[in-house]
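Undergrad: Mind looking over this structure? Questions follow.
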Amino acid sequence: MDLVSRLVKKQLTLQECLENRQFNMCDFNIGDGQAELIRLIKNNEIDPQSDWLIGTRELEKESSQNARAAMREHWLAAYRQVAYFEFLYRDSFIKNADLVDERKMLLRNNQLCIDLSEVLAWGFYHWAFAEDFFGISLSMYAKRAKAGGRASADKQRERDVILHWVIKTQLEYNPPNNRGWPSARHTAELLAKTIENLAKTQHYPIDLKGKDLEATVLNLLLEEKNIKRIFKQCSIM
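Basically my numbering = 1-based index in the sequence shown + 58.
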């Protein structure tokens, strides 16, 4: 596999992370899809390089809502880089279509690899900050809950967001062994114990316990599209 092909594979991985991980449950409009973003880039209506800035969005006030807003900004910046990568990759085929000089073609391909690598680096940079701010928003909520502050008007929805996130994170990064997760029922039992412990120690607003929590987790493993997909990828079955 050549370098460009490896970069394309990483770009697809980043796009999948952005579209399928926890942020698709945080109730915000992701804005324009990839096709529309590519069109806007082509017409110079947006400049994806404007996202190439070291540093991060400062929180005007430490709150879960502001952390979510910062998360969204970094998520969108990463998503624009995915589109920019695709634009440069497609554009290279057009520019090289009539090129016959091997030396010039080699130089262009080398420059393409440099450009795509830079775009990809910025994409993962913003994705990492989006992850960080999501964790910060959960931490802020947990502190507020611990201090007895008033929770969101929609407690169940916020509980579900956090529950989905914990399940996905555990499935992907904390399997019980190097073979992967066991059957759905056994996995639900293991996850329920872990989630109950996290809810207690981290003050997550997950009020389900015991068999009720286990049944909810099992239903998500079998029925919720994204969780079901991740479980299938990470299980022994």
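Yeah, the Cβ is synthetic: ideal placement off N, Cα and C, and Gly gets one too.
Bear in mind the structure is a predicted one, so any value in this text is a computation, not a measurement.
Could you give the DSSP three-state label for Ser195: helix, strand or coil?
TA: Three-state result, Ser195: helix.
Undergrad: Does the region 214-222 come close enough to the region 103-110 to have 3 or more Cβ pairs within less than 8 Å?
TA: No, the region 214-222 is not in contact with the region 103-110.
Undergrad: Thinking just about the alpha-carbon of each residue, which of Leu111, Glu144, Trp185 is nearest to the one in His132?
TA: Nearest option by C-alpha distance: Trp185.
Undergrad: To the nearest angstrom, how far is the alpha carbon of Leu300 from that of Arg166?
TA: Residue coverage of the chain in this structure runs from 59 to 295, which leaves residue 300 outside it and unanswerable.
Undergrad: What separation, rounded to the nearest whole angstrom, lies between the Cα atoms of Arg243 and Asn154?
TA: Roughly 54 Å separates the two Cα atoms.
Undergrad: Mapping the DSSP letters down to three states, classify Trp239 as helix, strand or coil.
TA: DSSP places Trp239 in strand when its eight states are reduced to three.
Undergrad: For the pair the region 173-190 and the region 243-254, tell me if three or more CB-CB distances fall below 8 Å.
TA: Verdict: no, contact absent.
Undergrad: DSSP on Leu174, reduced to helix/strand/coil?
TA: In the structure shown, Leu174 sits in a helix (DSSP, three-state: H, G or I).
Undergrad: Using alpha carbons as the reference points, say which of Gln169, Gly193, Thr259, Lys226 lies closest to Met129.
TA: Checked all of Gln169, Gly193, Thr259, Lys226; the closest Cα to Met129 is Gly193.
Undergrad: Could you tell me which of Lys269, Leu134, Gln139, Asp109 sits nearest to Ser175, measuring between CA atoms?
TA: Measuring from the Cα of Ser175, the nearest candidate turns out to be Gln139.
Undergrad: Can you say whether Lys290 is buried or exposed, counting buried as having 16 or more other CB atoms within 10 angstroms of its CB?
TA: Under this definition Lys290 is an exposed residue.
Undergrad: Only counting the same chain, and skipping five residues up and downstream in sequence, which positions put a Cβ closer than 8 Å to that of Glu282?
TA: Closer than 8 Å at Cβ, skipping near neighbours: His222.
Undergrad: Since Glu103 is in the alpha helix (DSSP H), which residue starts that stretch and which ends it?
TA: Careful: Glu103 lies outside any alpha helix (DSSP H) and carries neither H nor E.
Undergrad: Which residues does DSSP list as the beta-bridge partners of Ser293?
TA: Trp239, per the DSSP bridge assignment.
Undergrad: Hey, out of Leu72, Tyr142, Asn168, Val66, whose CA is closest to Arg97's CA?
TA: It is Tyr142.
Undergrad: CA-CA distance, Glu272 and Glu230?
TA: Each residue's alpha carbon lies about 19 Å from the other.
Undergrad: Could you check what DSSP says for Gln139 in three-state terms: helix, strand or coil?
TA: Note: Gln139 maps to helix in three-state DSSP.
Undergrad: Compute the Euclidean distance between the alpha carbons of Leu276 and Ala136, then round it to the nearest angstrom.
TA: Whole-angstrom Cα-Cα distance: 32 Å.
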